[in-house]
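Novice:
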Amino acid sequence: MASANTDAVEKIFHLARRADHRTLRLHLHDDVTWHPANEGAWKACTTAEEVVRTLLWRANANRLRPGEMIDLGDRVFVQLRGRRLERLGAKGFLPRLFQVVVLREGKVVSIRDYAKREDALAAAGIKT
């Protein structure tokens with residue numbers, strides 16, 4: 005069952021795939037951040053404009069989209085789908101990438117990538 009938070013996450017990926025820069029920006033807080041799965045893999049995004057550019061690039065180059073999502077109150081656990089996920093820090097025989105997206109007032113305030121499901125679930129507050 006969809007929630008307002010999972011709908012918000014789905015919306016940002018949809019807007020990124022459509023390359024709707026202006027509308028996408030409206031769904032992000034000014035102080036939004038995005039951190040990679042592996043520190044140093046790429047420079048963390050520290051402004052809304054950097055996050056928008058990264059979302060647009062990932063949606064286009066990697067066809068990134070949300071798969072499984074779990075609403076956890078102010079955050080959403082997301083298993084990403086797409087191509088070439090290993091370039092983004094995914095690990096394993098079938099590379100998988102996970103995110104924890106934190107929302108405030110319906111807008112994204114932070115995104116963090118994780119190579120392992122267990123790490124993402126722990127960061128989201130779920131004990132496995």
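Take the sequence shown: its letters are residues 5 to 132, numbered as in this note's numbering. Note that CB positions come from ideal geometry on N, CA and C, so glycine has one too.
Taking only runs of the beta strand (DSSP E) that begin and end inside the segment 36-83, which ones reach a length of at least 3 residues, in chain order?
Specialist: Within the segment 36-83, the complete beta strand (DSSP E) runs of at least 3 residues are 69-75.
Novice: Going by DSSP, what residue range makes up the beta strand (DSSP E) through K111?
Specialist: The sequence position of residue 111 within the sequence shown is 107, counting from 1. Taken as a continuous stretch (DSSP letters only), the beta strand (DSSP E) holding K111 covers 111-118.
Novice: Restricting to Cα atoms, I'd like to know which of L76, R62, D75, K111 is closest to L101.
Specialist: As a working mapping, residue 101 is identified with position 97 in the sequence shown. Out of L76, R62, D75, K111, R62 has the C-alpha closest to the C-alpha of L101.
Novice: Tell me which same chain residues have a C-beta within less than 6 Å of the C-beta of E72, skipping the five on either side of it?
Specialist: Reading the sequence shown from its first residue, position 68 is the one you call residue 72. Once the five neighbours on either side are set aside, the close Cβ partners of E72 are Q83.
Novice: Is H31 helix, strand or coil by DSSP?
Specialist: Position 27 of the sequence shown, counted from the first residue, corresponds to residue 31. Coil, per DSSP.
Novice: Could you name the residues that DSSP lists as bridge partners for L4?
Specialist: Because the chain here runs from 5 to 132, residue 4 falls outside it and cannot be looked at.
Novice: Please state if the CB of V106 and the CB of D75 are separated by a distance shorter than 8 Å.
Specialist: Against the sequence shown, residue 75 aligns to sequence position 71. Against the sequence shown, residue 106 aligns to sequence position 102. Cβ atoms of D75 and V106: not closer than 8 Å.
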